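Take a look at the structure set out below.
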Amino acid sequence: MAPILDIKNLYKSYGDVKILKDINVAIEPGDFLVLVGPSGCGKSTLLNCIAGLEPITGGAITIAGQDMTEVSPKDRNIAMVFQSYALYPTMSVAKNITFGMKVRGVDQATQDAKLKEVAAQLQIEPLLNRRPGQLSGGQRQRVAMGRALVRDPALFLFDEPLSNLDAKLRVEMRTEIKKLHQTLGASMVYVTHDQIEAMTLATKIVVMKGGVIQQIGTPAEIYNRPANLFVADFMGSPAMNLIPAKARKNGAGTQIEIARKGGEPLVLVDPTAPDLPADVILGLRPENIAQADVRTGESYQVADCLVDVVEPAGADTYVMSNLGGKPVTARMHAETTAKAGQPLSFAFDLGKVSYFAPEDGRRLN
Amino acid sequence: MTDATLISPRAGTRTTGQKVTRLALRYGLYALLFLFALYYLLPLFVMVSTSLKSLDEIRTGSLVALPREVTFEAWKTAWSGACTGIQCEGLKPYLWNSLLIAIPGVAISTIIGALNGYVFAQWRFRGANLMFALILFGCFIPFQVVLLPMARMLGLMGLAGSIPGLIFVHVVYGLGFTTLFFRNYYVTIPMELVRAAKIDGAGFFRIFWSIFLPISLPIIVVSVIWQFTQIWNDFLFGVSFSEAGTQPVTVALNNIVNSTTGVKAYNVDMAAAILAALPTLLVYVVAGKYFIRGLTAGSVKG
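Residue numbers (UniProt numbering), protein chains in the order written: chain A, 1 to 365; chain B, 1 to 302.
Structure, rendered in structure tokens:
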């Protein structure tokens with residue numbers, strides 16, 4: 001299938017400041033692409049470039065097979081939902097939703113039919129005669145989505161649409177957007193700084209930093225095989241443990257030596273590791289460190305460590321220790337026997353380990 | 001918790017003495033405000049009462065006394081009989097002139113100011129800041145500085161001494177202010193609104209007309225009050241750029257007061273002055289109400 005959105009060698013600068021550098025992304029019809037990164041990474045600018053709201057400095061944007069690089073926003077066959085919802089304050093909900101059609105000269109009967117359909121889909125029929133000012137945040141969000149849905153575009157663009165909602169509503173609306181994506185089968189591009197939103201919604205994630213794409217992949221790829229230290233640290237909560245270690249080739253496998261506070265260094269043996277330099281950073285997700293007597297398996301290696309802090313979080317308990325001079329978090333069962341100040345037998349799952357080069361942060365395995 | 005523990009001991013120890021002091025302060029304040037109000041109203045009172053007296057009574061009575069015998073003779077004269085130099089038609093034709101100048105002047109400067117503000121706030125372009133700074137600078141140029149160049153301009157445009165000429169002068173002079181008003185009002189509106197409308201397919205004027213103008217009532221009222229007062233009360237431009245048939249009411253008032261010979265008709269002067277000031281008062285009273293209504297409607301509906 002031809003890509004619904006194809007961005008090639010896109011550059012964007014304001015004067016001398018380069019905001020986006022050599023962006024290349026393509027998505028298939030029905031994909032849910034999430035652009036994620038810390039504030040100022042250029043993800044919103046990229047979305048605005050796709051929408052045509054910001055002119056680009058170099059490169060090309062193709063939407064549904066048509067070159068849209070120089071086309072004005074209204075002719076790009078897109079719809080956009082904004083962070084502040086951007087509802088027209090003096091128009092009723094119905095007028096907000098139909099404004100685009102009215103501007104385009106769609107006849108009244110079609111307008112009414114479309115409005116009815118979208119209002120039913122989003123369950124906002126009782127609100128149609130209200131003004132945006134009389135709606136709650138969640139309702140405004142729905143109206144903003146309605147305004148986008150009614151256009152039936154080739155591509156939906158979302159600019160941090162949930163960041164103005166409270167935590168509970170955000171989770172609800174997240175599910176709803178996902179449902180909408182599944183029922184419509186539409187192609188969407190979604191900007192967020194929330195990596196959980198990115199993981200839950202996306203079929204494809206683009207992680208950005210400083211205007212450069214760090215990694216493109218499915219949520220599982222990004223989570224399990226982060227391309228570099230930045231992605232490893234940014235995606236996942238609590239963050240991946242990144243522990244400085246020394247690697248040494250040793251017959252059966254590679255010996256990984258980690259400094260341990262007040263004791264012998266911890267030595268793990270990874271039989272499947274590739275050739276590693278002497279200094280590496282070992283990345284291990286908190287859930288890949290367990291209590292030894294609870295979970296054991298082939299790829300697990302057991303070692304005793306001193307527990308610094310125990311944080312119960314309901315379903316899980318986070319157990320903090322210190323390895324290689326860095327705090328290390330392990331996600332354990334709620335009924336763990338770990339106690340602060342006492343040693344505990346940890347099981348490290350080396351089947352899920354990532355190795356990074358300390359000097360440039362690139363992935364080594 | 002902390003609030004309660006902080007407040008309760010103070011509330012408990014409040015004595016009757018403190019209560020009396022508070023009451024005394026409150027009424028003292030009212031009394032003071034009342035005195036100030038009287039002080040400010042006194043000239044108006046003198047004007048109204050003098051305008052209702054006959055010349056004889058003015059000569060014999062006290063300035064602040066109420067009229068013994070109310071007569072509207074002075075008002076009639078001021079309206080249609082007082083002499084401004086050689087003509088004796090009262091203020092009537094000049095009031096008309098002022099309206100002919102003020103209404104288009106206010107309307108044009110408000111509309112252009114709204115468009116300017118819309119561009120400066122929402123359609124940023126290269127050099128917009130410099131341009132806005134220059135327009136703002138226009139607000140601070142004293143009237144006197146532009147008199148000669150403006151006279152030359154009006155002459156070149158063939159508008160010298162005409163009402164359209166005066167309208168032009170007031171529009172040019174008012175644009176700095178109206179642009180400032182609208183720009184500062186529109187700058188608080190999120191950029192995303194324009195972006196959403198652009199994606200919806202609306203163009204520059206459509207967005208202005210359908211989205212920005214409907215939310216602008218409060219600032220339109222501000223602009224109208226400001227511009228109307230400025231144009232109506234202007235004397236310098238009026239006296240410099242008008243000729244016999246096109247003088248605004250302020251100039252006519254000056255002529256009535258300054259060109260009488262013999263006995264000074266204070267009652268006519270006062271009546272004429274009130275007549276000349278009436279429209280601005282009216283605009284404040286009528287539009288001020290709309291101003292507040294616009295503001296509260298905004299705050300209730302969000």
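Cβ atoms here follow ideal geometry from the backbone N, Cα and C, with glycine treated the same way.
Because the structure is a prediction, the values reported are computed rather than measured.
Name the chain B residues that come within less than 8 Å of residue i, Cβ to Cβ?
i, result
"A/Met80", "Arg195, Ala196, Ile199"
"A/Leu180", "Correct list: empty, because the minimum Cβ distance to chain B is about 19 Å."
Could you check the C-alpha separation between residue i and residue j for me, to the nearest Å?
i, j, result
"A/Asn96", "A/Ala198", "29 Å"
"B/Ala297", "A/Phe230", "Since pLDDT at B/Ala297 reaches only 45, below the 50 mark, its modelled position is unreliable, and no value is offered."
"A/Ala290", "A/Gln255", "20 Å"
"B/Leu63", "B/Val46", "7 Å"
"B/Ser54", "B/Val70", "8 Å"
"A/Ala51", "B/Leu130", "29 Å"
"A/Val267", "A/Pro312", "28 Å"
"B/Ala31", "B/Leu41", "15 Å"
"A/Leu242", "A/Lys326", "8 Å"
"B/Ala196", "A/Ala227", "36 Å"
"B/Leu44", "B/Ala277", "11 Å"
"B/Gln122", "A/Gly211", "26 Å"
"B/Thr16", "B/Phe34", "27 Å"
"B/Gln87", "B/Ala287", "35 Å"
"A/Asp22", "A/Asp360", "20 Å"
"A/Glu28", "A/Leu135", "36 Å"
"A/Val25", "A/Lys8", "7 Å"
"A/Val103", "B/Ser216", "21 Å"
"A/Glu221", "A/Met101", "41 Å"
"A/Ile56", "A/Arg76", "15 Å"
"A/Leu165", "A/Gly133", "16 Å"
Since residue i meets chain A, which of its residues come closer than 7 Å, beta carbon to beta carbon?
i, result
"B/Ile211", "Tyr88"
"B/Pro190", "Ser84, Ala86"
"B/Pro214", "Thr90"
Which whole-angstrom value is the C-beta distance of residue i and residue j, which I expect to be below 8 Å?
i, j, result
"A/Gly58", "A/Tyr11", "4 Å"
"B/Ser80", "B/Gln227", "Actually they do not touch by this definition, with Cβ atoms about 29 Å apart."
"A/Ile4", "A/Leu155", "6 Å"
"A/Val206", "A/Ile196", "A/Val206 to A/Ile196, Cβ: 16 Å. No contact."
"A/Ser321", "A/Val307", "6 Å"
"B/Leu91", "B/Leu275", "5 Å"
List the residues of chain B whose Cβ lies closer than 7 Å to the Cβ of residue i, in chain order.
i, result
"A/Pro73", "Lys198, Ile199"
"A/Arg104", "Gly201"
"A/Gly100", "Asp200, Gly201"
Who are the Cβ neighbours of residue i in its own chain at under 6 Å, not counting the five residues just before and after it?
i, result
"B/Ala271", "Ser51, Ala74, Trp75, Ala78"
"A/Val93", "Leu127, Leu128, Arg130, Val143"
"A/Met332", "Gln291, Thr317, Val319"
"A/Ala239", "Asp233"
"A/Gln111", "Thr98, Met101"
"A/Arg248", "Gln255"
"B/Val268", "Ala74, Thr77, Ala78, Ala82"
Quick one: list the residues of chain A neighbouring residue i, beta-carbon separation under 9 Å, in chain order.
i, result
"B/Arg124", "Within chain A, no residue comes near B/Arg124; the closest Cβ sits about 12 Å away, beyond 9 Å."
"B/Arg206", "Val103"
Are the C-beta atoms of residue i and some chain D residue less than 7 Å apart?
i, result
"B/Pro218", "This model lacks chain D altogether, as its protein chains are A and B."
Just to confirm my understanding: we take residue i, look at its own chain, exclude 5 residues before and 5 after, and list those with CB closer than 7 Å. What are they?
i, result
"B/Asp3", "Annotation note: pLDDT 45 at B/Asp3 (below 50); position unreliable, coordinate value reported separately. Within the same chain, B/Asp3 has no close Cβ partners at all."
"B/Ala102", "Phe228, Ile231, Trp232"
"B/Thr5", "Confidence at B/Thr5 is low in this model, with a pLDDT of 45, below 50, so its placement is unreliable and the value that follows should be read with caution. Closer than 7 Å at Cβ, skipping near neighbours: no residue."
"B/Phe177", "Cys139, Trp226"
"B/Leu100", "Ile163"
"A/Thr192", "Val34, Val36, Glu160, Ala198"
What residues in its chain sit with their C-beta under 8 Å from that of residue i, if we drop five residues either side in the sequence?
i, result
"B/Phe181", "Gly113, Gly117, Ile219, Val222, Ser223, Trp226"
"A/Met208", "Leu35, Val36, Gly37, Cys41, Gly42, Lys43, Leu46, Gln214"
"B/Phe125", "Val119"
"A/Tyr14", "none"
"B/Lys301", "Because the pLDDT at B/Lys301 is just 34, under 50, the model does not fix this residue reliably, and the value given afterwards should be weighed accordingly. None."
What does residue i touch in chain B if you count any residue whose Cβ is under 9 Å from its own?
i, result
"A/Ala186", "Result: empty, since nearest Cβ-Cβ is about 16 Å, beyond 9 Å."
"A/Leu284", "None at all; the shortest Cβ gap to chain B is about 41 Å."
"A/Ala51", "Arg195, Lys198, Ile199"
Any heavy atom of the ligand NAD closer than 6 Å to the CB of residue i?
i, result
"A/Ile289", "Only the bare structure without any ligand can be found here, which leaves the ligand NAD out of the picture."
Which runs of the beta strand (DSSP E) at least 3 residues long sit entirely within the stretch 132 to 192 of chain A? Give them in chain order. 155 to 159, 188 to 192
Write down every uninterrupted run of the beta strand (DSSP E) in the stretch 1 to 46 of chain A whose length is 3 residues or greater and which is fully enclosed by it, in chain order. If we require 3 residues or more, the beta strand (DSSP E) runs fully inside the stretch 1 to 46 of chain A come out as 5 to 14, 17 to 27, 32 to 36.
Which runs of the beta strand (DSSP E) spanning at least 3 residues fall entirely within the stretch 281 to 354 of chain A, listed in chain order? Listed in chain order, they are 289 to 291, 300 to 312, 316 to 323, 326 to 333, 343 to 349.
4 or more residues per run - each alpha helix (DSSP H) lying fully within the stretch 220 to 282 of chain B: 236 to 240, 249 to 258
In chain order, what are the residue ranges of uninterrupted alpha helix (DSSP H) at least 4 long that sit wholly in the stretch 129 to 217 of chain B? 143 to 157, 163 to 186, 191 to 199, 204 to 207
For the stretch 66 to 123 of chain A, which segments carrying the alpha helix (DSSP H) assignment without a break, of at least 4 residues, lie completely within its bounds, in sequence order? 93 to 104, 108 to 122
Give, in chain order, every unbroken run of the alpha helix (DSSP H) that is at least 4 residues long and sits entirely within the stretch 210 to 286 of chain A. 219 to 224, 229 to 234
Where in the stretch 16 to 65 of chain B do unbroken runs of the alpha helix (DSSP H), each at least 4 residues long, occur, reported from the N-terminal end onward? 16 to 51, 55 to 60
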